Structures are given as C-alpha cells and as structure tokens.
Amino acid sequence: MKVKLIIAAAALSLAACTNSNNHNNLNMNTKEKPQEVAGRKNFGSQHPVITPLPCIMIATYDANQTPDVMMAAWGGQADYNKITFELSAHKTTDNLRLKKAFTVSFATADDVAQSDYFGIVSGNKVPDKVARAGFTATPSPNVDAPIIDQYKLTLECRVVEMDEDGQGGARVVGEVVNWSVDESVLTDGKVDIMKLRPIIYNSSVHSYHVVGDSVGQAWQTGKIYQ
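The C-terminal position of the sequence shown is numbered 234 in our numbering, with every residue numbered one higher than the one before it.
Here it is, written out as structure tokens:
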C-alpha cells in the first residue's frame, strides 16, 4: 500500500510539474510568433492598443527655474495618493532627477492644441515653449515645480521613486502632496468631468477624444446581477 501511495504521489507531482512547465512556456516564449486567436484580427505583440490612455501634462523646473511641460500617455494612478508614468530621455526626465518634484495636470478639449504642442516640442530645443503656447506658470507652494495656470486640475507631487532604464529614461512614481482645481469645473463641490472635458489618446490612430457621458454609477449599476 505504501509503495502504491508513493508511486501515486510521484505521478501527481510529475503531472503538476508538467502542467506548470507548460503554463510557464506560454508566458516565456514571448519572442516567438504567437498563435492567433480564432475569430479576431490578430496583430501580434507590436504596438498594443491600451485604452483609454490619459493625456497627462507633466510640468517641471530646470536649474534656472525655467518652467517646462510635456505630454505623456503611459501613466496613471498607482496608489491612493501616488501617480506613476514612464518616460524616455527628455528635458522633463532630467528635471525630475534634479528637482525631485513635478506637477501633473490633464489636457482638455479646450487646450488640445497647446497640449499637443507640448508633446511634440522639446524643452531642450525650445526653452520658452510654455510662453510660446500663450500659457503661464506659477510656482507651486508645496513642491519645487510650476503650476501651469491654464490647466484647471493639478496635482503637486514629489518624486519618491525613479527606476532608471539605463538609456536616459525612467519609470517615475510620485506622491501627491496637494491637488487643486479651478472652481469653474466643480459641481456641488466635486470635480465635474463634463465641465473639465479631459481628453484621452487613441494610440490606434493617433487621435484625441473627449471623455464622454456617464453610462453607469460605480458600485451600483452591477447590482442588477446580485
């Protein structure tokens, strides 16, 4: 009986290892051509569409306290009071290393042209690009970074982590120490998305879209299935 139990246990162990290895192989062979999903148009691993992507505006100071702002799409909320984003080598990345501080605002339908301009022009080549866009900056009272006056919702943040990629870029985590909003986009004391009109980036066709109408209430709409 003991021999049979040992043999059975060994067989189960071998099966578990085989299944685990098969599962791991599915995850490990990322450089091989993937199998196509039936009934869908397949694109492989190139340029995946992650949606929605926020149009976040990162504002920083350089060593001369010259304000700079750039648009980034690879970012979002990482914790209750933290934001994270990924940057390649930019003026902004250098400023973040220097000042360990930044502000984040959100591009809207009202400033889409200026925000797009901030995304295509480098502060290294055009140091006064904020002024060229007709925007102004006010020093944050909480961190060593500028608040771009024309953006109606702004987070003031300090850098708590920079994971360098070895090529001039980094993954940045910032802690929000304060956020403020223009009262024109409030309803009953809360931020009204329909008044703010933030935009998102469509990476599939490189276009901007306004966040639209409400289609449900969080933690309420799904209760019909309870």
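Here a beta-carbon is modelled for each residue, glycine too, at the ideal position from N, C-alpha and C. Since the model is a prediction, treat every value here as computed from it, not as a measurement.
(message) For Val138, report the span of its alpha helix (DSSP H) as first-last.
(response) Lys137 to Arg140
(message) In whole angstroms, give me the CA-to-CA distance for Asn32 and Val151.
(response) Residue confidence is low: Asn32 scores 49 on pLDDT, short of 50, so the model does not pin down where it sits. Its coordinate-derived value is still stated next. The alpha-carbon atoms of Asn32 and Val151 are separated by roughly 45 Å.
(message) Can you list, in chain order, the residues of its chain with a C-beta nearer than 6 Å to that of Ser96? Leave out the 5 residues immediately preceding and following it.
(response) Gly177
(request) Could you spell out where the alpha helix (DSSP H) holding Gln122 opens and where it closes? (result) Val120 to Ile128
(request) Measure the CB-CB distance between Ala145 and Pro154 and report whether it falls below 8 Å. (result) yes
(message) Going by DSSP in three states, Lys231 sits in which element: helix, strand or coil?
(response) helix
(request) Could you have a look at Glu164 and say whether DSSP puts it in helix, strand or coil? (result) strand
(request) Tell me whether the beta-carbon of Gly182 lies closer than 8 Å to the beta-carbon of Cys165. (result) yes
(request) Determine the direct distance from the alpha carbon of Ala46 to that of Met78, and round the result to whole angstroms. (result) 40 Å
(message) I'd like the span of the alpha helix (DSSP H) that includes Arg105, first residue to last.
(response) Lys99 to Lys107
(request) Return the residue from the list Thr59, Phe110 and Gln43 that minimises the CA-CA distance to Tyr216. (result) Thr59
(message) If the criterion is Cβ atoms closer than 8 Å, does the pair Met202 and Ser123 meet it?
(response) no
(request) Can you tell me which of Thr100, Pro75 and Lys198 puts its alpha carbon nearest to the alpha carbon of Arg140? (result) Pro75
(message) Does any residue of chain D have a CB that is nearer than 8 Å to the CB of Gly84?
(response) Considering every chain present, this structure includes no chain D. It has just one protein chain.
(request) For my contact list, Tyr159 and Phe114 are in at a C-beta cut-off of 8 Å; report their separation, rounded to the angstrom. (result) 7 Å
(request) Could you tell me if Ser192 is buried or exposed, where buried requires 16 or more neighbouring beta carbons within 10 angstroms of its beta carbon? (result) exposed
(request) Check Val49 in the structure and name its three-state DSSP category. (result) According to the sequence provided, residue 49 is Lys. The question's Val does not apply to it. Three-state DSSP puts Lys49 in coil, outside helix and strand.
(message) Just to confirm before moving on: does the CB-CB distance between Ala67 and Thr111 stay below 8 Å?
(response) yes
(request) Assign Lys137 to one of two classes, buried (16 or more other C-beta atoms within 10 Å of its C-beta) or exposed (fewer than that). (result) buried
(request) Drop a sphere of 10 angstroms on the beta-carbon of Phe51, count the other beta-carbons inside from all chains shown, and report buried for 16 or more, exposed for fewer. (result) exposed
(request) Give the single residue among Pro62, Ser53, Pro42 and Arg105 whose Cα lies nearest to the Cα of Ala71. (result) Arg105
(message) Please list the terminal residues of the continuous beta strand (DSSP E) segment that includes Lys90.
(response) Lys90 to Leu95
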